[in-house]
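Protein chains in written order, with the numbering used here: chain A, 91 to 239; chain B, 91 to 239. Just so it is clear, CB atoms sit at the ideal spot from N, CA and C, and this is done for glycine as well. Treat the numbers as computed from the prediction; the structure is a model and nothing was measured.
Protein chains: 2
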Amino acid sequence: MRTLPTRDDLRTWREFIETTEALRSALTTRLQHDTGLSPGDYAVLLALSEAPDHRMRSSDLAARIGWERSRLSHHLARMERRELIRREECATDSRGAEVVLAPPGADAFGAATVPHLRAVRELFVDALTPEQLAAAGEIAAALKAHLVR
Amino acid sequence: MRTLPTRDDLRTWREFIETTEALRSALTTRLQHDTGLSPGDYAVLLALSEAPDHRMRSSDLAARIGWERSRLSHHLARMERRELIRREECATDSRGAEVVLAPPGADAFGAATVPHLRAVRELFVDALTPEQLAAAGEIAAALKAHLVR
DNA sequence: TGCTGGTTGTTGACGCGTCAGTCAAGGAGG
DNA sequence: CCTCCTTGACTGACGCGTCAACAACCAGCA
Numbered sequence: 091m092r093t094l095p096t097r098d099d100l101r102t103w104r105e106f107i108e109t110t111e112a113l114r115s116a117l118t119t120r121l122q123h124d125t126g127l128s129p130g131d132y133a134v135l136l137a138l139s140e141a142p143d144h145r146m147r148s149s150d151l152a153a154r155i156g157w158e159r160s161r162l163s164h165h166l167a168r169m170e171r172r173e174l175i176r177r178e179e180c181a182t183d184s185r186g187a188e189v190v191l192a193p194p195g196a197d198a199f200g201a202a203t204v205p206h207l208r209a210v211r212e213l214f215v216d217a218l219t220p221e222q223l224a225a226a227g228e229i230a231a232a233l234k235a236h237l238v239r
Numbered sequence: 091m092r093t094l095p096t097r098d099d100l101r102t103w104r105e106f107i108e109t110t111e112a113l114r115s116a117l118t119t120r121l122q123h124d125t126g127l128s129p130g131d132y133a134v135l136l137a138l139s140e141a142p143d144h145r146m147r148s149s150d151l152a153a154r155i156g157w158e159r160s161r162l163s164h165h166l167a168r169m170e171r172r173e174l175i176r177r178e179e180c181a182t183d184s185r186g187a188e189v190v191l192a193p194p195g196a197d198a199f200g201a202a203t204v205p206h207l208r209a210v211r212e213l214f215v216d217a218l219t220p221e222q223l224a225a226a227g228e229i230a231a232a233l234k235a236h237l238v239r
């Protein structure tokens, strides 16, 4: 039977969780401001951009970006309303839907990628020394490994 | 003029951001499952528990937990529906509202704190070596300092 | 052929968060 | 007292996420 975290552990935990949250939120704000896209939009558009013919089955797309089908379905409905993507019936499986990158979506994604990568550099990479960056990677790996346990 | 992040930087970034998100989500799920509270509920109840008389002006509460007043207002409405808190008119400033910890809220918070701290230890502290834990604190501090810049 | 069980994708309800108001109550200066 | 500005809190609209339920469909098998 193990003890609870120490006061110091908790201070570190708070600092860590609050800062990563603030970082995520800053990135989101930046992406939104620079490009009008949410992180979800970006993930969808990235996957479609890399797909052959710029189209993908809905389930494959969900698996690709690690979302639940339902979440994707809701999100695609909103993106379709903004004409970033279209949904078409699938020829080979009539249950299925194909998600197609629409021209405004391709444009938006094209305009988004450089600013987004620049923001990642400025807010994350540049904030850390090379040693810290490496340590961050190891810490993430350790946390992840422990999570799936 | 600086360059974009390298492929390695991006791998680290992805790993870092996805893992911290997964960690946050695991903690949330755990808290929800063990105690029926969301992190927001927990933050509100914690602040009220520490307040004199278990009551606080709405704005002070918002400042304390770092929320927008509007967000707090919505959240309190939901918590009041569940009878975790009550809202009373403020005697000294008739614009104001006082948020009061209700008995079910106090009970829920009391039952939540140990499991929650245990989860923090299991999912965060225990996943890291003492050196990694220290490094995590420093990384968070560096990121935070860079954010406010 | 017809059942049966697993998939695909959508939907509705609801919690949560932000934003942009709204409105009442205080306070300062004329 | 009256105007003007600020403050405290709430609200409505909307984006986002999860969950549970569902219809339509496919595939394998009796």
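In chain order, each beta strand (DSSP E) run of at least 3 residues that lies wholly inside the segment 129–202 of chain B
Taken in chain order, the complete beta strand (DSSP E) segments of 3 residues or longer contained in the segment 129–202 of chain B are 145–147, 175–179, 187–191.
How do the segment 143–163 of chain B and the segment 98–106 of chain B stand: do at least 3 beta-carbon pairs fall below 8 Å, yes or no?
Flag = no, the segment 143–163 of chain B and the segment 98–106 of chain B do not touch.
Buried or exposed, going by whether 16 or more other CB atoms sit within 10 Å of the CB of residue 109 (chain A)?
Buried, since its Cβ has 16 or more Cβ neighbours within 10 Å.
Simplified DSSP state of residue 126 (chain A), which is helix, strand or coil:
In this structure, residue 126 (chain A) counts as coil in the three-state DSSP scheme.
Is there at least one Cβ from chain A nearer than 8 Å to residue 92 (chain B)'s Cβ?
By this cut-off, residue 92 (chain B) is an interface position.
Is it true that the CB of residue 233 (chain A) sits closer than 8 Å to the CB of residue 113 (chain B)?
The Cβ-Cβ distance between residue 113 (chain B) and residue 233 (chain A) falls below 8 Å.
I'd like to know if residue 125 (chain A) contacts chain B, where contact means its C-beta is closer than 8 Å to some C-beta of that chain.
It does not: the Cβ of residue 125 (chain A) has no partner Cβ on chain B nearer than 8 Å.
For residue 231 (chain B), tell me which candidate among A:228, A:237, A:217, A:194 has the shortest Cα-Cα distance.
With distances taken between Cα atoms, residue 231 (chain B) lies closest to A:217.
Can you name the residues of chain A whose CB is closer than 7 Å to the CB of residue 107 (chain B)?
Contact note: residue 107 (chain B) reaches chain A through 114, using a C-beta cutoff of 7 Å and chain order.
Note down the Cα distance separating residue 196 (chain B) from residue 98 (chain A), rounded to an integer number of angstroms.
Per the coordinates, the alpha-carbon of residue 196 (chain B) lies some 26 Å from the alpha-carbon of residue 98 (chain A).
Hey, how far is the Cα of residue 223 (chain A) from the Cα of residue 213 (chain B)?
If you take the alpha carbons of residue 223 (chain A) and residue 213 (chain B), they lie about 22 Å apart.
By the criterion of Cβ-Cβ separation under 7 Å, what are the contact partners of residue 122 (chain A) in chain B?
For residue 122 (chain A), no chain B residue has a C-beta closer than 7 Å to its own C-beta; the minimum C-beta separation is roughly 16 Å.
Apart from the five residues on each side of it in sequence, which residues of its chain come closer than 8 Å, Cβ to Cβ, to residue 166 (chain B)?
Correct list, in chain order: 134, 148, 175, 177, 189.
Cβ shell of residue 145 (chain B) (< 6 Å), same chain only, five flanking positions each side left out:
Here the set comprises 188, 190.
Helix, strand or coil: how does DSSP classify residue 100 (chain B) here?
Three-state DSSP puts residue 100 (chain B) in a helix.
Using a cut-off of 9 Å between C-beta atoms, extract the partners of residue 102 (chain B) located in chain A.
By Cβ distance, chain A contributes 214, 215, 223, 224, 226, 227, 230.
Closest to residue 132 (chain A) by C-alpha separation, out of A:143, A:169, A:116, would be which residue?
Nearest to residue 132 (chain A) by alpha-carbon distance, out of A:143, A:169, A:116, is A:169.
Residue nearest to residue 200 (chain B) in terms of C-alpha spacing, selected from B:172, B:106, B:225, B:136
Nearest of B:172, B:106, B:225, B:136 to residue 200 (chain B), Cα basis: B:136.
Would you kindly check if the distance between the Cβ of residue 194 (chain B) and the Cβ of residue 173 (chain B) is under 8 Å?
The Cβ-Cβ distance between residue 173 (chain B) and residue 194 (chain B) falls below 8 Å.
Using the C-alpha atoms, what's the distance from residue 215 (chain B) back to residue 181 (chain B)?
Going by the C-alpha atoms only, they are around 45 Å apart.
C-alpha distance - residue 125 (chain B) paired with residue 209 (chain B), whole-angstrom precision
Rounded to whole angstroms, residue 125 (chain B) to residue 209 (chain B) spans 12 Å at the Cα level.
Neighbouring residues, chain B, relative to residue 220 (chain A) (Cβ below 7 Å):
What residue 220 (chain A) touches in chain B: nothing, since even the nearest Cβ is about 10 Å away.
Starting from the beta carbon of residue 165 (chain B), find every residue of chain A whose beta carbon is closer than 7 Å, and list them in chain order.
Within chain A, no C-beta atom comes less than 7 Å from the C-beta of residue 165 (chain B); the nearest is roughly 17 Å away.
Is the CB of residue 280 (chain B) under 8 Å away from at least one CB in chain A?
As displayed, chain B neither begins before 91 nor continues past 239, which places residue 280 (chain B) out of reach and without an answer.
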